[in-house]
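One structure is given below, encoded as structure tokens.
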Amino acid sequence: QMIMAAPPPTFSLLFLLLFFFLFSISSAAQCNPSDKKVLLQIKTKLNPTNIAFSDWDPKATPDCCEWFGIDCSTSARVTSLNLNLDVFVLAQQIPPVIGDLHFLQSLNIHGNLTGPIPVSFADLTNLQTLELSSGLTGPIPKSLGRLKRLTYLDLSLNSLTGSIPSTLGQLAGLTYLDLSNN
Numbered sequence: 013q014m015i016m017a018a019p020p021p022t023f024s025l026l027f028l029l030l031f032f033f034l035f036s037i038s039s040a041a042q043c044n045p046s047d048k049k050v051l052l053q054i055k056t057k058l059n060p061t062n063i064a065f066s067d068w069d070p071k072a073t074p075d076c077c078e079w080f081g082i083d084c085s086t087s088a089r090v091t092s093l094n095l096n097l098d099v100f101v102l103a104q105q106i107p108p109v110i111g112d113l114h115f116l117q118s119l120n121i122h123g124n125l126t127g128p129i130p131v132s133f134a135d136l137t138n139l140q141t142l143e144l145s146s147g148l149t150g151p152i153p154k155s156l157g158r159l160k161r162l163t164y165l166d167l168s169l170n171s172l173t174g175s176i177p178s179t180l181g182q183l184a185g186l187t188y189l190d191l192s193n194n
């Protein structure tokens with residue numbers, strides 16, 4: 013009669029590690045529900061049928077962290093929204109609801125958007141990079157001076173009016189500022 017020896021301890025340890033690894037992948041956090049709601053509101057406001065938003069479909073891709081132009085933190089909060097819209101014809105105003113993405117660190121909405129810079133952007137207190145070039149009008153909101161973590165601000169190629177708010181001088185960490193062609 014053949015006696016089976018117990019597997020070596022290293023084999024058992026490897027199996028256990030593999031099990032925990034696979035479990036952690038399958039149970040990884042998905043996009044925060046409130047962030048997803050805001051993103052879907054942005055899509056609706058801009059143009060839900062535009063090809064730029066074709067994969068912003070919660071039925072096809074439930075995890076909004078996998079959507080085009082979106083990056084998330086390890087805690088599944090939206091930290092980057094990149095809608096470089098040069099190739100898409102939208103001609104819409106920037107939806108103020110973007111100000112509800114409180115964990116946002118980088119916002120790039122370049123091209124084809126019109127209207128003023130929403131005052132609600134002052135609520136994006138984690139924002140480090142803000143690129144809003146091409147097509148905007150109106151004054152630069154004084155409230156942008158509340159974005160204390162901002163290091164990069166590009167408001168070029170717009171039709172912004174009025175003076176530069178003195179509150180921008182309060183942005184001690186700002187290393188890049190482009191207000192050209194306004």
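Numbering (our numbering), first residue to last: 13 to 194. For each residue, glycine too, the CB sits at the ideal point set by N, CA and C. Remember, predicted model here, so these are calculated numbers, not experimental data.
Give me, in chain order, the residues of the same chain whose beta-carbon lies closer than 6 Å to that of S118; leave out the 5 immediate sequence neighbours on both sides.
So the list reads S92 and T141, once near-sequence residues are dropped.
So, for K196: in the same chain, excluding its five sequence neighbours on each side, which residues have a beta-carbon less than 6 Å away from its beta-carbon?
The chain is shown only over 13 to 194; residue 196 falls outside these bounds and no answer can be derived.
Helix, strand or coil for Q140, going by three-state DSSP, please let me know.
Residue state, collapsed to three classes: coil.
Mind checking whether N94 and N62 have CB atoms under 8 Å apart?
No, they are not a contact pair.
Alpha carbons only, please: which of T179, P177, T86 and E143 is nearest the one belonging to N44?
Here the closest residue by C-alpha is T86.
Enumerate in chain order the residues of its own chain whose CB-to-CB distance from D83 is below 7 Å, with the five nearest sequence positions on each side excluded.
Cβ neighbours of D83 beyond the five flanking positions: T91 and S92.
Would you list, in sequence order, the uninterrupted beta strand (DSSP E) runs of no fewer than 3 residues that lie entirely inside the region 57-93?
Listed in chain order, the complete beta strand (DSSP E) runs (minimum 3 residues) inside the region 57-93 are 82-84.
Let me make sure I understand the geometry here. Which of L191, I110 and V109 has the alpha-carbon closest to that of T149?
The shortest Cα separation from T149 among L191, I110 and V109 belongs to L191.
Express the C-alpha separation of S132 and I176 in angstroms, rounding to a whole number.
Straight-line Cα distance between these residues: approximately 18 Å.
If P128 and I110 are in contact, beta carbons under 8 Å, what's the gap, nearest whole angstrom?
Contact flag wrong, Cβ pair sits at about 13 Å.
Helix, strand or coil for T179, going by three-state DSSP, please let me know.
Helix, per DSSP.
Restricting to Cα atoms, I'd like to know which of K160, Y164, G185 and F80 is closest to L144.
Ranking K160, Y164, G185 and F80 by Cα distance to L144 puts Y164 first.
Compute the beta-carbon to beta-carbon distance between S146 and G123, rounded to the nearest angstrom, for a pair I have assumed lies under 8 Å.
At roughly 5 Å, the Cβ-Cβ gap stays under 8 Å, so S146 and G123 are in contact.
Output yes if chain E places a C-beta closer than 8 Å to the C-beta of L58; else output no.
In summary, chain E is missing from the structure at hand, where a single protein chain is found.
K71: which of L136, L139, A64 and L52 sits nearest, CA to CA?
Taking only the C-alpha atoms, the option nearest K71 is L52.
Where do the ends of the beta strand (DSSP E) carrying N170 lie?
Careful: N170 lies outside any beta strand (DSSP E) and carries neither H nor E.
Taking the CB atoms as reference points, tell me whether L58 and P107 lie closer together than 8 Å.
Yes. Within cutoff.
To the nearest angstrom, report how far apart A184 and S155 are at their CA atoms.
Their backbone Cα atoms lie some 15 Å apart in a straight line.
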